[in-house]
């Protein structure tokens, strides 16, 4: 109720970005069958977790023109092993970055501000980041 079926999202999306955790339910969320549902012009972006997409199926989809392109900031295994299928390819429609999508100037500034706040709270004897 009120939700769009995943298959419909795949069929309708020009750009599909993944933002979910890697769980038993989400592992290989995007596989050969899902690529076949996507538009040929679609672009898949994964900055969440590498295991969400079966990398072999991605390579097949990119080589075969099943989707237009992909951009990944995560791999199924990190740090990547030599021979990783996504790193050994020279596909013009694939961009792979070294898990740095989080490292914007703003994110680094926020991280620094939180660090300073935590140190100041510690010096004042105030508890921080308590889990109850």
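In the working numbering, the protein residues as written are 5 to 136. Idealized CB from N, CA, C, for every residue including glycine. Predicted model, so just to flag it, every value in this text is computed and none were measured.
Cutoff 6 Å; reference residue i; Cβ partners in own chain excluding five residues on either side
i, result
"residue 34", "57"
"residue 70", "39"
"residue 19", "47"
Buried versus exposed call for residue i [16 or more other C-beta atoms within 10 Å across all chains shown]
i, result
"residue 116", "exposed"
"residue 112", "exposed"
"residue 108", "exposed"
"residue 52", "buried"
"residue 78", "buried"
"residue 122", "exposed"
"residue 10", "exposed"
"residue 16", "exposed"
"residue 14", "buried"
"residue 76", "buried"
Opening and closing residue of the alpha helix (DSSP H) in which residue i lies
i, result
"residue 15", "10-16"
Whether residue i touches residue j by CB criterion (8 Å)
i, j, result
"residue 65", "residue 47", "no"
"residue 31", "residue 55", "yes"
"residue 63", "residue 99", "no"
"residue 182", "residue 49", "Absent from the structure is residue 182, since the part of the chain shown begins at 5 and ends at 136."
"residue 82", "residue 103", "yes"
Residue i, enclosing beta strand (DSSP E) - first and last residue
i, result
"residue 21", "19-22"
Own chain, CB closer than 7 Å to residue i, minus 5 neighbours either side, in chain order
i, result
"residue 80", "54, 55, 59"
"residue 72", "44, 45, 46, 47, 97"
"residue 41", "11, 14, 15"
Beta-carbon proximity list for residue i, same chain, < 8 Å, skipping 5 on both sides
i, result
"residue 133", "122"
"residue 23", "51, 52"
"residue 101", "75, 76, 77"
Let me know the alpha helix (DSSP H) ranges lying completely inside the segment 25-108, each 4 residues or longer, listed in chain order. You should have 36-41, 59-67.
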